[in-house]
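Structure first, then comments.
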Amino acid sequence: MKTQSTQQCQVKTMGTLNFRLVSGVGEALVVRDYQGHESVSDSHDAQGNPVYGFRYHIELASRDSSISAEQLVDTTAVLEVIRDGEVVQQVHGIVRSFSRGDTGHHHTYYSLTLVPALERLSLRHNSRIFQHKTVPEILAILLDEMHITDYAFSVKRECAPREFCVQYRETDLAFFHRLAAEEGLMYTFSHESEKHTLIVTDNSAGFTQLGGTVPYNVLSGGVAETPYVSAISETKQSEVTEVAMRDYSFKKPDYNFKQSALGSDMAYQLPDYQHYDAPGRYKDDASGKAFSQIRLESLRRASHTASGKSNQAKLQAGVVFTLADHLDSTMNRPWLIVGIDHQGSQPQALEESGGSGATTYSNQFVVIPNETLWRMQPHPKPQVDGPMVATVVGPQGEEIYCDEHGRVKLSFPWDRYSNEDEHSSCWVRVAQGWAGAQYGMVALPRVGHEVIVTFLNGDPDQPLVTGRTYHATNTPPYSLPDNKTKTVIRTQTHQGTGFNELSFEDQSGSEKIYLHAQKDYEALVENDSTTQIKHDRHLTVENDRYSHVQVNDHLSIDGEQRTAIKQNLTLATDASLHQKVGQKTIVDSGSEVHLKAGKAVVLDAGNEITVKVGGSFIKVDAGGVHVVSGAINLNSGGSAGSGSGYGGQPATMPNILKALTPPEEAQAPSFAASEVQASPQLIPYSPNLIQQVEADMLTGTPITPVCKVPVGGPCPFGDFDASNMVAMFAPSSSGSNSAQGKSETESKEVALTTPVMIFETKRQMDDMNAKDMHHGDYDEQTLKEQFDLRDVSAKLNAYTGLKFPEVYPGYYGGYSRQTEEYLSLAERSEIMFDEFRDLAKMFSWHGAYKNVINEMITHMQKNTGEPFSSPLLDQALKEQIEGDDSENSSLQHIKDALIKNIEWSEGIYPEAKEELLTSEVGRSILPRFDDFKDYTNGLVICVHDIWSAQITLQSLQVSGNQFTATVHYRVQDHFGLDDADISNWAYRQARIFRLWFVLQRWEQFDFKPFITEMNATVTIKGTRI
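Once you know that position 859 of the sequence shown is 859 in full-length UniProt numbering, the rest is easy, because the numbers rise by one and skip nothing.
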């Protein structure tokens, strides 16, 4: 960047007002006149030129006719307004353009345009990816790359890091404005003689306050002793009254992320102007709430404005001034200047024009009340025109790299900053040919594959892999076009050589299906398998073959069967062996034939039987028994011949395919803890009241909830014992990390590393073995005799399936349907779950959470046993934690421990004092949902108690005498009933719990309970005492 000299260009002045330009040229440039436009953030001037904070056009003159653009363009300059010898206004910027005009009476005329250094960002055009950075961090990177160091952020709202943020084919300045507008950031400038500072803010405190007041009067003239506002006009106009937004996240597909914001100060207009937009470009409720409010404020920023004129040169964009002396007292208030036009004329700057008039200055401004904000208008986001190619990337040496959702990392050809590794992009979803609830198709693109990427709604921040392509390096499995008739699915062995393949040849006369398994081939048929081969079948097994038919094996051969066995043949049957031969049976044994029977051997021939050895034989035929031998020995000694005996080997059973089951989740380590056992009373209503409400629901009688708690008295619906609350568990006082066991020097040297778990209940997370998680473990007799569960449903007999008679209205009264109807188990459970949902309304008839119980009952009906989570429950947990202002709240204990144990001089929390933090937390109380409102908004039956919890200190920042900590709560409860619940008389009187217990515990229904998980992250701030 070019440097400037500190020489000041002197100008001829008249009266008490003059203008001066401080620039980098060695000869004097005098200011003839100027026009400047300033605004909060970006705008346009009267000529339509873009203005990024300020833009001044200055007309100059000089006796030097050789001043060139090379001397001034892209250097800094300062325009000063001087009144009575005091500099009252400075505008420091860079010279964007410089022009030389005509040469007249001893002077040459010049002009230049003065703009902020921020405008340099408009000259850089780029495409790149930012990951896991907040918007202020991204804006700072853009400024630093342009060597702009004079900037500051005054941001109160914590901007969430953006997992994936793309600058796509846009200038740095357009990208800067787009992100700032999305986060509700505004900017302005403060000016000094040597620099101008960019101030980015999201609140009114970030603007400059002008000391004193600016008087209002209707006098007019040139230079006055006291600058004043000569005219001001207030305007109110109708604008959007409400903003509603929605979005979608695949991680919570059933949640619509609906957010809305309603305007204020709208008495002068109709309230029906809603601005609805979807997608809102957010993926969590916190961001959605902020974005909807920001959108509303940007749309309503011009709803209340005022415009005026003045000769006060200290008025600049981003300055708050207080008007005084207006006849309408409501106008005498602080105003924020959001736009202002300056005009200055100094004709006497040239000697030959000394008598042509005095130096004048004036401005015209637009202001808004100081308590409102001038949010930037949304800037259009670049749209990706269509699909593009990318390459799948991953860590060095990895062939397949994905996450639990099957997402992959990509490197785009346009991303010149990519290292082509796992840090090149966010996780990107991959479209599959079919995707259902644990069924469908999965084929993950591997590292090095080229894929086709589209972008949801054209948003470059939301890539989606929708296809894959071959290229010169990754070629098809068969050469083309030689094999154009083949359709192929071929995989590649991971970390080895080989492949699996299923291919189809469609060439006429050569049609073929080819299947290749690199190692094992397994097929599981749950019912029948039928194969019809219309020609030959060839089977070659290079090792052993095993078959097991558990019932019967039928084999029919219309022709011959030939079996060639090079070693032994064993045929074993546990019953009889029957053989029927239509013509001949011929056995040719090279050595021996041995027939052995446990009882008898019968040879039955229709004509004859011959036993022959050498020349001797015995023949039995219809004519008698014929014995021919050289000698016949009867009872003359000797012994009978013997055979080899049975030596067959039993058949080996084949391997059996088993369904794969997912591994159990690993259990988190548990801190040593002591537990105060709780016996909570879930329903504080009296049994009579519960029965009455159930009866009213079943008959359709309207229910009007009325709270009748007397002042200072107990709840009439039942007594609640606060001692039933589940206590937190304090860690053991022993251990090598004891703070008493370390010296002060050691504690100062080592800071506590975050994130760190500072509390965990003794009861484990993800505990599927708890008593209320049992299911399908009781028969009908036990349910009836041990738990007295005979009357379960009001609509049917749960055990037999008999549907109870329904009463129909008639002219002379009601009548019952007499025909008996028995329902299947599936029909019974469907009716009982509907009844379950109806009865749950008595606990959930108002509030934001009233529908959660229906979602949980439906989740149980699906019978997956998988954990249940809901953004609404997360929100309820956070509200409960932050709303607990009691002395035993966990947040208060954490705050007290941090204030007490932080080493303020070093700005750290010592690792040696970790146990002091966990001990303090152990004396607090777990969150509960048992306030009176929770008995009617559904939370008392959805959650009520907390089964297990973990509290993690995620981050801790110490600055001076203040700290900011982020704490994450993970809590779980069980949506299920145990024996103690239903044995409680109050529970058993309520039909809803009888239904619930039978659906869960009867062996015929066996509907699985599940874990309810809630998460909340809260921020704690504190000050050293």
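We put the CB at the ideal spot given by N, CA and C, even for glycine.
Spatial neighbours of residue i in its chain, beta-carbon cut-off 8 Å, leaving aside the 5 residues before and after
i, result
"residue 517", "500"
"residue 898", "909, 917, 956, 963, 965, 1020 and 1022"
"residue 779", "1002 and 1003"
"residue 1051", "Lying outside 1 to 1025, the shown extent of the chain, residue 1051 is not represented and no answer is given."
"residue 240", "263, 273, 274, 275, 296, 299 and 300"
First and last residue of the uninterrupted beta strand (DSSP E) at residue i
i, result
"residue 245", "242-245"
"residue 954", "948-959"
"residue 344", "334-345"
"residue 560", "No beta strand (DSSP E) holds residue 560; DSSP gives it neither H nor E."
"residue 103", "86-103"
"residue 649", "Premise fails: residue 649 is in no beta strand (DSSP E) and is neither H nor E."
"residue 759", "756-760"
"residue 829", "Here residue 829 belongs to no beta strand (DSSP E); instead the alpha helix (DSSP H) covers 825-840."
"residue 624", "624-628"
"residue 21", "17-22"
"residue 77", "76-83"
Residue i - partner residues in DSSP beta bridges
i, result
"residue 30", "61"
"residue 1020", "965"
"residue 463", "455"
"residue 201", "154 and 186"
"residue 440", "435"
"residue 504", "487 and 513"
"residue 310", "229 and 363"
"residue 130", "165"
"residue 69", "DSSP, once it has assigned bridges, lists no residue as partnering residue 69."
"residue 1014", "971"
"residue 258", "DSSP lists no partner for residue 258."
"residue 209", "320"
"residue 388", "453"
"residue 620", "609 and 625"
Buried or exposed by the 16-neighbour rule on C-beta atoms within 10 Å, applied to residue i
i, result
"residue 335", "buried"
"residue 562", "exposed"
"residue 605", "exposed"
"residue 685", "Per-residue confidence for residue 685 stands at a pLDDT of 45, beneath the threshold of 50, marking its modelled position as unreliable; no derived number is given."
"residue 45", "buried"
"residue 311", "buried"
"residue 18", "buried"
"residue 815", "For residue 815, the predicted model reports a pLDDT of 45, less than 50, meaning its position is unreliable and no value from the coordinates is stated."
"residue 434", "exposed"
"residue 796", "buried"
"residue 985", "exposed"
For residue i, the first and last residue of its enclosing alpha helix (DSSP H)
i, result
"residue 889", "That residue, residue 889, is in no alpha helix (DSSP H); it is neither H nor E in DSSP."
"residue 375", "Neither: residue 375 is in no alpha helix (DSSP H) and is coded neither H nor E."
"residue 862", "852-862"
"residue 921", "914-921"
"residue 991", "991-1001"
"residue 781", "780-785"
"residue 148", "First-last for residue 148: undefined, no H or E at that position."
"residue 882", "871-883"
Close beta carbons around residue i, own chain, < 6 Å, minus the five adjacent residues each side
i, result
"residue 97", "113"
"residue 1024", "904 and 961"
"residue 151", "143 and 198"
"residue 743", "The predicted model places residue 743 with a pLDDT of 42, which falls under 50 and marks its position as unreliable; any figure quoted below should be read in that light. Excluding sequence neighbours, residue 743 sits near nothing in its chain."
"residue 888", "924 and 925"
"residue 746", "Any reading at residue 746 is ruled out, since the residue's pLDDT is 43, under 50, leaving its predicted position unreliable."
Contacting residues, own chain, Cβ-Cβ under 7 Å from residue i (five flanking each side not counted)
i, result
"residue 178", "379 and 381"
"residue 710", "Unreliable placement is indicated for residue 710, whose pLDDT of 40 sits below 50; no coordinate value is reported for it."
"residue 256", "246"
"residue 398", "447"
Below-7 Å beta-carbon distance, residue i vs any chain C residue
i, result
"residue 591", "Absence of chain C from the displayed structure is noted, only one protein chain being present."
Residue i CB to nearest heavy atom of the ligand MG below 6 Å
i, result
"residue 961", "This structure simply doesn't include the ligand MG, nor any ligand for that matter."
What are the complete alpha helix (DSSP H) segments, minimum 4 residues, inside the region 267-303? Within the region 267-303, the complete alpha helix (DSSP H) runs of at least 4 residues are 285-299.
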